[in-house]
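Heads up, my numbering is the position in the sequence shown plus 28, with the first residue counted as 1. Structure first, then comments.
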Amino acid sequence: MSLLKDRIEHLEDDIRAVPPRISVYHDLPFAILRYEPEEEWELRREARLLGRRLEATGKEVHVIQMSDFLWQAIDESEGMEAVVELERERGYIAAQEQVTTYLTDRDWRPLPKLLLDRLAALNPAKDIVFLTRVAAMSPGIYHISKLFDQVQGRTRVMTVLFFPGSFEGPSGLRFMGLRERESVASFRLKIYG
29 MSLLKDRIEH LEDDIRAVPP RISVYHDLPF AILRYEPEEE WELRREARLL GRRLEATGKE
89 VHVIQMSDFL WQAIDESEGM EAVVELERER GYIAAQEQVT TYLTDRDWRP LPKLLLDRLA
149 ALNPAKDIVF LTRVAAMSPG IYHISKLFDQ VQGRTRVMTV LFFPGSFEGP SGLRFMGLRE
209 RESVASFRLK IYG
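As structure tokens, then:
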């Protein structure tokens with residue numbers, strides 16, 4: 029059995045436990061399943077299989093792609109043409125910074141609000157969310173560690189973030205394994221990694 033399958037099996041056991049054991053804090057029902065970026069296709073297959081097994085037990089699994097939030101924020105802000113024009117005029121970094129502003133500034137389409145809006149209609153007693161396609165936020169569009177601080181206490185829906193990255197030290201994660209990205213020492217979440 030691969031290490032990824034071992035991690036998913038451990039996650040599944042913790043989701044099925046009564047009460048579930050995936051979260052460290054009662055007001056932050058999130059966990060991270062870490063995988064190597066090159067395992068993306070295997071992860072997608074294993075996540076689908078996990079979702080089917082959980083649904084067979086009466087849970088309802090909702091797969092939410094972080095890439096959808098990225099495109100939604102762009103579309104509902106100034107649109108892709110404005111980002112493309114900014115990149116032509118000032119370069120990639122300026123365009124990336126503008127997209128980051130869309131996802132972080134309350135006057136635009138902040139990612140925590142987009143996520144909370146989607147979670148609001150779900151039932152914490154039966155629904156589980158899988159956040160996938162997190163790589164869309166690389167290389168520096170949005171620092172995922174910020175998201176958890178901003179949603180703590182604002183949802184009770186069990187959520188698993190599938191995180192492409194590497195382990196750094198005893199509890200640090202490096203997004204996409206990118207050396208230029210700073211390792212985050214603690215997400216304050218249970219990490220299946």
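Each residue gets a CB set at the ideal place from its N, CA and C atoms; glycine is no exception.
query	result
Residue span of the beta strand (DSSP E) that contains ASP41, given as start and end	Element bounds for ASP41: not the beta strand (DSSP E) but the alpha helix (DSSP H), 31–44.
Endpoints, the beta strand (DSSP E) within which VAL111 is located	Here VAL111 belongs to no beta strand (DSSP E); instead the alpha helix (DSSP H) covers 108–118.
CA-to-CA distance, LEU39 to PHE158, given in whole angstroms	12 Å
At least three beta-carbon pairs within less than 8 Å, the stretch 99–108 to the stretch 81–91	no
Residues near TYR130 in its chain [Cβ-Cβ closer than 7 Å; skip 5 each side]	ALA101, ILE102, SER105, TRP136 and ARG137
ALA213, buried or exposed, once every other Cβ within 10 Å from all chains shown has been counted against 16	Bear in mind that the predicted position of ALA213 carries a pLDDT of just 49, short of 50, making it too unreliable to give a figure here.
N- and C-terminal bounds of the alpha helix (DSSP H) containing GLN178	172–179
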